Every structure is written in C-alpha cells, then in structure tokens.
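See structure below.
Numbering (the numbering used here), first residue to last: 1361 to 1577.
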C-alpha cells in the first residue's frame, strides 16, 4: 500500500471495511493527500513494519489510531509531519519494535500525542521528532534513552509544561549515554530551579550539555 493515495488532491476513499491484516508497508500511503479523511478505526496493523511518511502533509485527515497494533512497526519517520488536522491517539501504542522516529510529528499543527507509556527500548534515532509541533507537550518522564544515539532538535521550538520539561531533564540525566547536545532547544520551557529538573539540568551541564530554554522558576 506504499504511496497508494500519495499527493492526491480530491481522493477520499472509503477505507472503513478494509482487511489490512496482511499489509506490511503503509509508507507514504496518504502523504500530501489534501482531501482524504480515511476511516482507519478498524484497521488491523499487526503486521505493518513501515509507516514512514504515512500521513505527512495531509490536509484533512485525522485518523483514529487508538486501537492500532503498533508492535511490529520499526520505521515511522515523518509519519504525521506537517499534518494540518491530525491529532492521533497514541496512548495505547505498543512501540516495542520502533527504531526510527525522525521527524515523526515535526511541524504537525494540532497533534499532541500521548507518548508517556511508549516503550523506547528499541529506539535509536528521534532527531527532529517534535520540532516545530506547536501544540505538542510530550511527556518523556518514563522513557529510557539508553539506546538512543541521536536526539538533536528533539523538541526544538516546542514549549513544554514545567512538569514535562523537568521529566525530560531527569530522564536524560538518568539514562542518556550518547554525545552531549549543545544548545538543546526546548522553546520557552521552564524548569523547576530548586527541584529535580534543576538538579538534572545542572548535572547534564557538567556532562557537556547546554540549553536554550525559558530558564528556571
């Protein structure tokens, strides 16, 4: 199904009763489709390994992904990048196989996915994952960053709540073992100066990190 409706201007297929149980590749499926609003609520995605660019740049699509089985998905770069209306429910996603998430939600206009319980144990690259996603407020507090080697611009231009920024700092300090990032941009996010976030930020600074954020409160 790769690129099946890619760059279509008026196509709006009825996908509600599709049997997708044997599909392995959904990459570019609706990329830049301006009018498509596919009903994906009943899709069986248990065998899909590639969702790269699946809804990138879509104009109207806001797929129901709440019951998707993501356990086989390895690659999902640009999946919702620059999507105008998509705000996927990702709270129940089992991401045990997910390895590549570059630009996954970058530039998405309204997306604010719940990633708090994602399994990050197979992830290696999350660079630009939320860059410029204006509505996003990802919670990384439960993430293990041990396997992740590339995360520059992870949340560039994104302002997190103080709670979520503190959680990100603590998670990075506790588990990230890659090359320290300089000028790590977190929009105007504030950390708790006298709390765990401030302590973690200082510890990361000793390790070679530097930050572009809104400062402590």
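Note that CB positions come from ideal geometry on N, CA and C, so glycine has one too. All values derive from a computational prediction rather than experimental measurement.
How many Å lie between residue 1559 and residue 1527 at the Cα? 11 Å
Between 1487, 1494, 1512 and 1445, which lies nearest to residue 1540 when the distance is taken from Cα to Cα? 1512
Where does the unbroken alpha helix (DSSP H) through residue 1527 begin, and where does it stop? 1522–1535
Quick one: Cα of residue 1372 to Cα of residue 1396, how far? 4 Å
Test item: CB-CB of residue 1429 and residue 1405 under 8 Å: yes
Mind checking which residues open and close the alpha helix (DSSP H) that includes residue 1394? Residue 1394 -> no alpha helix (DSSP H), and no H or E assigned at all.
For residue 1543, count neighbouring C-beta atoms within 10 Å of its own C-beta (all shown protein chains included) and say buried if the count is 16 or more, exposed if not. exposed
Under the DSSP definition of a beta bridge, which residues are partnered with residue 1410? 1385 and 1435
If you run the structure through DSSP and keep just helix, strand and coil, what is residue 1372? coil
C-alpha distance - residue 1530 paired with residue 1501, whole-angstrom precision: 7 Å
Measuring CA to CA, which of 1400, 1483 and 1510 is closest to residue 1584? Outside the shown range of the chain (1361 to 1577) lies residue 1584, about which nothing can therefore be said.
What do you reckon, are the CB atoms on residue 1504 and residue 1467 nearer than 8 Å? no
Buried or exposed: residue 1577, going by 16 or more other Cβ atoms within 10 Å of its Cβ? exposed
Compute the Euclidean distance between the alpha carbons of residue 1388 and residue 1550, then round it to the nearest angstrom. 36 Å
Nearest-angstrom Cα separation, counted from residue 1458 out to residue 1538: 19 Å
Excluding five sequence neighbours on each side, which residues of the same chain lie with their C-beta closer than 8 Å to the C-beta of residue 1491? 1463, 1466, 1467, 1513, 1514, 1515, 1516, 1517 and 1518
Going straight from the alpha carbon of residue 1564 to that of residue 1417, what length do you get? 35 Å
Look at the alpha carbon of residue 1461 and the alpha carbon of residue 1402, and state the distance between them as a whole number of angstroms. 24 Å
My output table needs one value for residue 1576: the three-state DSSP class, helix, strand or coil. strand
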